[in-house]
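Peer 1: Residue numbers (the numbering used here): 5 to 198.
Below you'll find the structure I mean.
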């Protein structure tokens, strides 16, 4: 229950600050992500349904982060439409321009989720097998979130972004189970102050 409350608090903060450009909000995104896709190791893919609806707010990069290529602090939330794993968190978002209209946008952050960490049933039982077939076992309440966006910047304040993200504890935030979660989708973004 605490995880749900924290996620809702982050989402609420994102929604309240999205219209306040004077408060340092730089960009806001909303998008649709295909949940639990197959990328490299497909044995854990497609266990949970999707899509996820995602929200993100980026803030102005503070001066003390200039040495790290001026990433923008961000908060985000991703809500699964089928009641499977949802998550919310914070991190840093970078932008590297390729042309006047295109950029590559990597990100790194931390999230908490409401998904499953382990199988509650005894090993080698039919219940355990069915549970494992329908749930990603993430192994930790908190996870790292890495992402990569390819963004098209329109000639106004709007952006369209193809975005991939990976969630995992990396055997750093947790031990044992670490099936991870991959998502890919499209996000519509808006730059404030344009």
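No residue lacks a Cβ here, since even glycine has one placed at the ideal position from N, Cα and C.
What residue range does the beta strand (DSSP E) around residue 49 cover?
Peer 2: Translated into positions along the chain shown, residue 49 becomes position 45. Careful: residue 49 lies outside any beta strand (DSSP E) and carries neither H nor E.
Peer 1: Since residue 38 sits in a beta bridge, which residues does DSSP pair it with?
Peer 2: As a first step, residue 38 is located in the chain shown; it is residue number 34 there, counting from the start. The partner list for residue 38 (beta bridge, DSSP) reads 188.
Peer 1: Identify the residues that DSSP records as bridge partners of residue 148: which are they?
Peer 2: To locate residue 148, count along the chain shown from 1; it is residue 144. In DSSP, residue 148 forms a bridge with 114, 172.
Peer 1: Considering only DSSP beta bridges, list what residue 157 is partnered with.
Peer 2: For the purposes of this step, residue 157 is taken as residue 153 along the chain shown, with counting starting at 1. Residue 157 pairs with 163.
Peer 1: What three-state label does DSSP hand residue 68 in the structure shown?
Peer 2: Here residue 68 refers to the residue found at position 64 of the chain shown. In this structure, residue 68 counts as helix in the three-state DSSP scheme.
Peer 1: Report back the beta-carbon spacing between residue 62 and residue 78 to the nearest angstrom; my notes put them in contact at under 8 Å.
Peer 2: Within the chain shown, numbered from 1, the residue matching residue 62 stands at position 58. Within the chain shown, numbered from 1, the residue matching residue 78 stands at position 74. That pair is a contact at about 5 Å.
Peer 1: So is residue 44 buried or exposed if we call it buried at 16+ other beta carbons inside 10 Å?
Peer 2: Counted from its first residue, the chain shown places residue 44 at position 40. Residue 44 comes out exposed.
Peer 1: So, under 8 Å CB-CB, residue 165 and residue 141 are touching, yes? Tell me the CB distance rounded to an integer number of Å.
Peer 2: Numbered from its first residue, the chain shown carries residue 165 at position 161. Numbered from its first residue, the chain shown carries residue 141 at position 137. Not really, about 30 Å apart at Cβ, beyond 8 Å.
Peer 1: According to DSSP, is residue 31 helix, strand or coil?
Peer 2: Within the chain shown, residue 31 is the residue found at index 27, counting from 1. Strand at residue 31.
Peer 1: According to DSSP, is residue 130 helix, strand or coil?
Peer 2: Within the chain shown, the letter at position 126 stands for residue 130. Helix.
Peer 1: Closer than 6 Å by C-beta to residue 33: which residues in its own chain qualify, once you throw out the five before and the five after it? Chain order, please.
Peer 2: Start at 1 with the first residue of the chain shown, and residue 33 comes out as number 29. Excluding sequence neighbours, residue 33 sits near 60, 191, 193.
Peer 1: For the beta strand (DSSP E) that contains residue 61, what are its first and last residues?
Peer 2: Position 57 of the chain shown holds residue 61. Element bounds for residue 61: 56-63.
Peer 1: Where does residue 179 fall in DSSP's three states?
Peer 2: Position 175 of the chain shown, counted from the start, is the residue given in the question as residue 179. Three-state result, residue 179: coil.
Peer 1: Residue 142 lies in the beta strand (DSSP E); which residues open and close that run?
Peer 2: Along the chain shown, one-based indexing puts residue 142 at 138. Run containing residue 142: none; DSSP gives neither H nor E here.
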